Ligand SMILES: Cc1ncc(COP(=O)(O)O)c(C=O)c1O
């Protein structure tokens, strides 16, 4: 279901296909998803009466190695609800300075939870153990006590890198040994599992809470699931209501999530291969420098070496040729592959990007 646009600039009828690399959130629900949504059995989920939501929550819990799950509206809401469960106002959470929670979630933890963010460098994806432990300080009237470590895998701003399972395990275990709970922002945790060819529980089974997104590479239109212990999820259900996330006949959405988990997990490997092809092609140009990524998934970041050419300008030029992407800095660009982008699309996108970068 690729989008096609009329190329009005040329005044003709030749269709110009749009190759949308802005994010893996831009996918449209498949026919099977739409059918499942239309046919979903539903009830009032705030009363716990929606059988499809329950099935999604049970499926997610089982897949991630947890006792229970909770369907939430978004990744941001999932992360916020978990933070509100782990920390009280005046307590602190350690998190990466490049993390999504720290940079792109409106400061919800501080605004709504009074939780102090303690940032640590997470270049490469995972923070250094030493940096984390520096925030684990003895009880003292001066300090907001650190209760939680938040990790992100795959790591969006760090190239979509998938953390190595061993390094992840070590960090989680050290954090726990020092009395911290661990939350995983696993918006794209299935991409990480596919990239390392491991069961997702290798990551999710270690942490106290995880949120993963159905609406990104998995291709569902809406939603995330939070997983954790039963008592944690009961608490999370309360906080979800507080932040306005109690939904009623949400089975129509959960049904799409179930199809996403059934149909779209294994195919994430295709997105990763397409991103690798894209990176390889872009490396051929003189004006761009593709950022290396130790374990690439579905993202490619590149810098623009060419003097006078900004990411905004390149994005605008490529947009006119039907290739969409987001500038993420004055000279930095992110490209994301997903199920609505094929191998020939990435080849064509690379050709156009290289051509437009060379043009002056
Ligand atoms: C790593 C990460 N966490 C959380 C989110 C938030 O998800 P949502 O857009 O569903 O709120 C995103 C969104 O892109 C993300 O990349």
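In the working numbering, the protein residues as written are 625 to 984.
Here a beta-carbon is modelled for each residue, glycine too, at the ideal position from N, C-alpha and C.
The model shown is predicted, which means the values in this text are computed figures rather than measured ones.
Helix, strand or coil for residue i, going by three-state DSSP, please let me know.
| i | result |
| --- | --- |
| residue 675 | helix |
| residue 859 | helix |
| residue 699 | helix |
| residue 875 | helix |
| residue 919 | coil |
| residue 760 | coil |
| residue 665 | coil |
| residue 981 | helix |
| residue 709 | helix |
| residue 963 | coil |
| residue 658 | helix |
| residue 866 | helix |
| residue 936 | helix |
Under the rule that 16 or more other beta-carbon atoms within 10 Å means buried, what is residue i, buried or exposed?
| i | result |
| --- | --- |
| residue 751 | buried |
| residue 695 | buried |
| residue 776 | buried |
| residue 654 | buried |
| residue 685 | buried |
| residue 625 | Interpretation of residue 625 is limited by its pLDDT of 41, a score under 50 that renders its predicted location unreliable; no figure is taken from the coordinates. |
| residue 804 | buried |
| residue 729 | buried |
| residue 724 | buried |
| residue 674 | buried |
| residue 742 | buried |
| residue 855 | exposed |
| residue 713 | exposed |
| residue 628 | Because residue 628 carries a pLDDT of 42, less than 50, the predicted location of this residue cannot be relied on, and the following value inherits that uncertainty. By the 10 Å Cβ count, residue 628 comes out exposed. |
| residue 925 | buried |
| residue 707 | buried |
| residue 790 | exposed |
| residue 866 | exposed |
| residue 647 | buried |
| residue 814 | buried |
With DSSP as the reference, please indicate the residues paired to residue i in a beta bridge.
| i | result |
| --- | --- |
| residue 717 | 741, 772 |
| residue 925 | 958 |
| residue 945 | Note: residue 945 sits in no beta bridge, so no partner. |
| residue 913 | 927 |
| residue 644 | 948 |
| residue 694 | 850 |
| residue 888 | None, per the DSSP bridge assignment. |
| residue 953 | 956 |
| residue 785 | 779 |
Regarding residue i and ligand 1, is the C-beta to nearest heavy atom distance less than 6 Å?
| i | result |
| --- | --- |
| residue 811 | yes |
| residue 950 | no |
| residue 700 | yes |
| residue 780 | yes |
| residue 911 | no |
| residue 936 | no |
| residue 724 | yes |
| residue 776 | yes |
Is residue i near ligand 2 - that is, is its Cβ less than 6 Å away from at least one heavy atom of it?
| i | result |
| --- | --- |
| residue 896 | Of the ligands one can find in the structure shown, namely ligand 1, none is ligand 2. |
Using a beta-carbon distance below 7 Å, is residue i in contact with chain D?
| i | result |
| --- | --- |
| residue 933 | Checking the listed chains, one finds no chain D in this structure; it contains a single protein chain. |
Can you give, in chain order, each stretch of the beta strand (DSSP E) that sits fully within the stretch 787 to 853 and has at least 3 residues?
805 to 809, 833 to 837, 848 to 852
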